[in-house]
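> Sharing a structure here in structure tokens format.
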Amino acid sequence: MSSKLWLILLAAIIGCSKADIPLTPEEPTLLKIIAVDEDGVIVDSADVFINGSEVGKTPFNSQDVQPGLHTLRVSRNGFKVYSERVVVEKGEFYTIEAFLEKLPPDMGQLFVTSNLDSTIISIKDENNNIVSESTEKTLAIELSPGKYIVTGEKTGSPKVEQEAEIFPKNSTIINLELTPPNNSTPPTLQFVIQEDTVKLGQPVNLNWSTNGHQVIIDQSIGVRGPNGSEKHICQTAGLKVFTATAYNNDNLTTGFKDSVYILPADGKLPTLQFGIAQDSVVLGESISLNWATDGQSVIIDQGIGTRGPSGSESIQSSTTGMHIFTATAFSSENLAVQKKDSVYVKSAATPPTLDFSIEQDSVVVGESYSLNWASNGVQVIIDQSVGTRGPNGSEQIFSNATGLLVFTATAYSSENLTMQKKDSIYVKSQAIPPTLEFDVLEDSVEFGEPVFIQWQTNGFQVVIDQGVGLRGPFGTDEINFANPGKKVFTATAYGEGNLLTSKKDSIYVKEALLPPNPIMMLSASRKVTVNEVATISWQSQNADYIVVDYVTNPDRSSTQEVTFSTPGFRIVTATAFNQSGYTSASDTIEVVIPQVESVDDILVAANVVVRADQGEAGYISMNAASFEIKTAGKYKISAEVWYDSGDSQRNESYYIDVTGSFGASVLPQDSNAGVYKVIEDEAGTPHTSSKASGIFNLAEGTQSINVTHYAKIAGIYSGFLNGEITGPESVKILGFKVSYVGE
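If you're matching positions, the sequence shown starts at 539 in the working numbering and goes up one per residue.
Structure representation (structure tokens):
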């Protein structure tokens, strides 16, 4: 073909570039839908609906979804309905995660949709009381089981009405189909592309205006407001046809097309790699962006701005929902290419708060008493036949039987997390009950200090909870608590005829102070060859930030692989800092030329508490920590112990044993009390200390550490006693270090 004829054809193509003529075959549109619950567990066999029609079950895959705006709905018994409006474009691939929230056990959900915007959706109960009303196109509400009437009204359209029945742990779906008003007309729409032709990498300018409420534009642009303009960069050359669709409140539409011809670029388009490391994060966690281009710079939206040609960056998530990031790379000729990626930010579910109390300590049979509750959840369920109530309220209950009544209130959040509180009241007979004076002498104490109580009655005995038990008619006592928080005592005096009087008093046990300095544990590969991967592992607690040799921007607890190109000894130091100071730990890596085998130390996080005052239930913590042994041999196990009581408890002593994969117990080879090795209490103010807890001969496989309080064998091996064991004498272990010492 001659160059002149080619120019004539090119001119003809450019002159007709507004024609709706596809130059390449259409690619299929792929849609994938999966369902997950609040814990991230995949939920299979959930029903999938597109535009109100059932199309399959999760996991759902389809190539038949037509481009345009669609309403997606996913439902399954026991969960709330998931609903979302999505814009689908031809030739694109979409993956949608439907997050399903569990329904409370005694509640159901009513999910109502309307085909027209601005429809007034009303829900009435069997007594014709309105329980909810909305002008949104969808209405989702949790309801008690029963029958309800759903109505839809819109000016100019006939009213529609349907009956719905709600069942526990089920969702009932009602679709209201209203006839559009007779005077409804499709929206007006003006849509134009300013340029006829542009070079590849240069933006095209789009302009639109409608009297509808929104416009959807294809070519990966999406939903926009009724009026606007926008620059768009096409990624390939050729004729590009843009379709804009305007929507009004009655869901009527108007479409308009315009086109532009993208000429091949004179210069070379830059390459661009752009991605987000996570598919989803919890609100408040960091989002990691990574990019690389052979161009001069990259611009990232979402408020990030201009960056160098390659790099990575962590962004703190501040709002929930799907976040789409667009990166644009620019070459030296100002040619550009774009890439997008997305991440879903989930809300951090927390249990609801709950305050619940009974105003009276006791009443005479036939009198009323008051229940009071307040929660930031969605509902509260109270036992003793009270039932389901709103999140805040009070209620009068009439007593019809004597005795001690214990009420339990359970608050439910929208994520179906719960919080329980209990309170009690004694219902007395008409006879005169005994008098009772009962007091907790302090308002608050430090954790580890004793709590003093006193009582007096004209009855014959007093029963006090919180582990005090049966006492005479008058006296004093002291109690030690194993954990901080508000402690409520109930004293019950018994008189003649078994008549009772109860009194309550409370005290706040303050939180134990954390160690003033941070805690740092470090482990490194003992010996590696040149250019072989060495592992550095560390764990810290109570640290504001940390510094680890050979590691950039280390997390507070993690593992990092490093390599060294020359032989020699490398001293690795990890330091944890907070406002009180710093703590360092060091280890040594030997880098050698010949290949050697080594066994790395193992760090195991733990939160173990054993006590001396609760018998077998408190002596032993089975499976306190687990780890895997890949090389059989002798291992030294050290424990990071938190001596939180100072010298108020002097028998915070313990011993450990190890259970192997086949259930056999392994005892220490350096025992000092029969077959056990007792690690004695360490004097001083509250502090942490690393204590060597024994050498064990371990086989390959998974091992479990069992921690036992010294009180269990103190009667047989009393050589480690520091006076009489009288209180809780609690031992708290924060972690273990397992070190290989040979065959």
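Virtual Cβ for every residue (Gly too), placed ideally from N, Cα, C. Since we're looking at a predicted model, the values are computed, not measured.
So, using beta-carbon positions, are Gly-1239 and Ser-1199 closer together than 7 angstroms?
Result yes, Cβ atoms of Gly-1239 and Ser-1199 sit closer than 7 angstroms.
> Among Val-1129, Ile-935 and Ile-920, whose alpha-carbon lies nearest the alpha-carbon of Ser-906?
Here the closest residue by C-alpha is Ile-935.
> Jot down the residue ranges of each uninterrupted beta strand (DSSP E) in the region 948-1027, minimum 3 residues, whole runs only, in chain order.
Complete beta strand (DSSP E) runs here, min 3: 956-966, 974-978, 989-995, 999-1002, 1007-1009 and 1012-1017.
> Could you tell me if Phe-1027 is buried or exposed, where buried requires 16 or more neighbouring beta carbons within 10 angstroms of its beta carbon?
Buried, because 16 or more other Cβ atoms sit within 10 Å of the Cβ of Phe-1027.
> Beta-carbon within less than 6 angstroms of Val-1000's beta-carbon, same chain only, minus the 5 sequence neighbours each way: which residues are those?
Counting only Cβ-Cβ distances below 6 angstroms, and skipping sequence neighbours, we find Trp-993, Arg-1009, Ala-1029 and Ala-1031.
> Return helix, strand or coil for Ile-559, following the three-state DSSP convention.
Bear in mind that the predicted position of Ile-559 carries a pLDDT of just 31, short of 50, making it unreliable; the figure below should be weighed with that in mind. Of the three classes helix, strand and coil, the one that applies to Ile-559 here is coil, per DSSP.
> What does DSSP give as the partner residues of Phe-632 in its beta bridges?
Here the sequence assigns Tyr to residue 632, which means Phe is not the residue at that position. Paired residue(s): Leu-569.
> Determine the DSSP secondary structure at Ser-852, reduced to helix, strand or coil.
Correct three-state label for Ser-852: strand.
> Nearest-angstrom Cα distance between Pro-560 and Lys-595?
Its pLDDT being 34, under 50, Pro-560 is placed unreliably by the model, and nothing is read from it.
> In its own chain, which residues sit with a C-beta less than 7 angstroms from the C-beta of Val-1071, not counting the 5 before and 5 after it?
Closer than 7 angstroms at the Cβ level, and outside the excluded window around Val-1071, lie Glu-1099 and Thr-1101.
> Look at the Cβ atom of Pro-971, then the Cβ atom of Gly-904, and state whether they are nearer than 7 angstroms.
Against a cut-off of 7 angstroms, the Cβ pair of Gly-904 and Pro-971 comes out as no contact.
> Figure out for me which residue from Phe-637, Pro-808 and Thr-1039 has the closest Cα to the Cα of Ser-998.
Here residue 998 turns out to be Phe, not Ser, going by the sequence shown. The shortest C-alpha separation from Phe-998 is found at Thr-1039.
> Can you grab the Cα-Cα spacing for the pair Ser-1228 / Val-612, in whole Å?
Their backbone Cα atoms lie some 53 angstroms apart in a straight line.
> Could you give the first and the last residue of the continuous beta strand (DSSP E) run that contains Gln-799?
What sits at residue 799 in the sequence shown is Tyr, not Gln. 791-801 is the span of the beta strand (DSSP E), which, as asked, contains Tyr-799.
> Rounded to whole angstroms, what's the CA-CA distance from Thr-864 to Ser-826? Just pull it up for me.
Cα to Cα, Thr-864 sits roughly 14 angstroms from Ser-826.
> Which residue comes first and which comes last in the beta strand (DSSP E) that contains Tyr-1046?
1038-1047 is the span of the beta strand (DSSP E), which, as asked, contains Tyr-1046.
> Excluding the 5 residues flanking Val-1006 on each side, which residues of the same chain have their C-beta closer than 7 angstroms to its C-beta?
Contacts found: Asp-1015 and Ile-1017.
> Looking only at C-alpha atoms, which of Lys-1048, Asp-921, Asn-954 and Gly-941 sits nearest to Glu-980?
Out of Lys-1048, Asp-921, Asn-954 and Gly-941, Lys-1048 has the C-alpha closest to the C-alpha of Glu-980.
> Please state whether the Cβ-Cβ distance between Ile-731 and Val-798 is less than 7 angstroms.
A contact, by the Cβ cut-off of 7 angstroms.
> Which runs of the beta strand (DSSP E) fall wholly inside the region 1063-1136 and span at least 3 residues, in chain order?
Whole beta strand (DSSP E) segments, 3+ residues: 1065-1067, 1072-1079, 1083-1086, 1096-1100, 1106-1116 and 1119-1130.
> Taking the alpha-carbon of Ala-1202 as reference, which of Ile-1175, Asn-1244 and Asn-1189 has the nearest alpha-carbon?
Nearest C-alpha to Ala-1202: Asn-1244.
> For Thr-1126 and Thr-1067, I'd like the C-alpha separation in whole angstroms.
If you take the alpha carbons of Thr-1126 and Thr-1067, they lie about 14 angstroms apart.
> Since I believe Ala-947 is in contact with Asn-894 (beta carbons under 8 angstroms), could you give me their beta-carbon distance rounded to a whole number of angstroms?
Residue identity check: residue 894 is Phe in the sequence provided, not Asn. Rounded, the Cβ-Cβ distance is 4 angstroms, consistent with contact.
> Between Tyr-1255 and Ala-1211, which are expected to be in contact by the criterion C-beta below 8 angstroms, what is the C-beta distance as a whole number of angstroms?
So it is a contact: roughly 4 angstroms between Cβ atoms.
> Quick check: the Cα distance between Ser-758 and Lys-795, rounded to an integer number of angstroms?
Each residue's alpha carbon lies about 15 angstroms from the other.
> Measure the C-alpha to C-alpha separation of Val-819 and Thr-673 and round it to an integer number of angstroms.
The straight-line gap from Cα to Cα measures roughly 32 angstroms.
> Could you tell me how far apart the beta carbons of Tyr-882 and Glu-635 are, in whole angstroms, since I believe they sit closer than 8 angstroms?
The Cβ separation is near 6 angstroms, so the contact holds.
> Would you tell me roughly how many angstroms separate the C-alpha atoms of Phe-729 and Ile-837, rounded to the nearest one?
Going by the C-alpha atoms only, they are around 28 angstroms apart.
> Suppose you measure from the CA of Ile-572 to the CA of Glu-851; what does that come to, to the nearest Å?
Cα-Cα distance, rounded: 29 angstroms.
> Based on DSSP bridge pairs, tell me the residues matched to Thr-783.
Bridge partners of Thr-783: Ile-754 and Gly-793.
> Taking the continuous beta strand (DSSP E) assigned at Gly-646, which residues delimit it?
From DSSP, the beta strand (DSSP E) with Gly-646 extends over 646-652.
> Leaving aside the five residues before and after Gln-1079 along the sequence, list all residues of the same chain whose C-beta is less than 7 angstroms from its C-beta, in chain order.
Around Gln-1079: Pro-1056, Ile-1057 and Leu-1272.
> From Leu-785 to Thr-726, what does the alpha carbon distance come to, in whole angstroms?
The sequence given here has Tyr at residue 785, not Leu. Each residue's alpha carbon lies about 9 angstroms from the other.
> Under 8 angstroms by Cβ, that's how I've got Thr-831 and Ala-867 pegged, so tell me the actual separation to the nearest angstrom.
Sure, about 4 angstroms apart at Cβ, within 8 angstroms.
> Mark Met-645 as exposed unless 16 or more other C-beta atoms lie within 10 angstroms of its C-beta, in which case mark it buried.
By the 10 Å Cβ count, Met-645 comes out buried.
> Using the C-alpha atoms, what's the distance from Ile-1002 back to Gly-528?
Nothing can be reported for residue 528, as the shown portion of the chain is limited to 539 through 1281.
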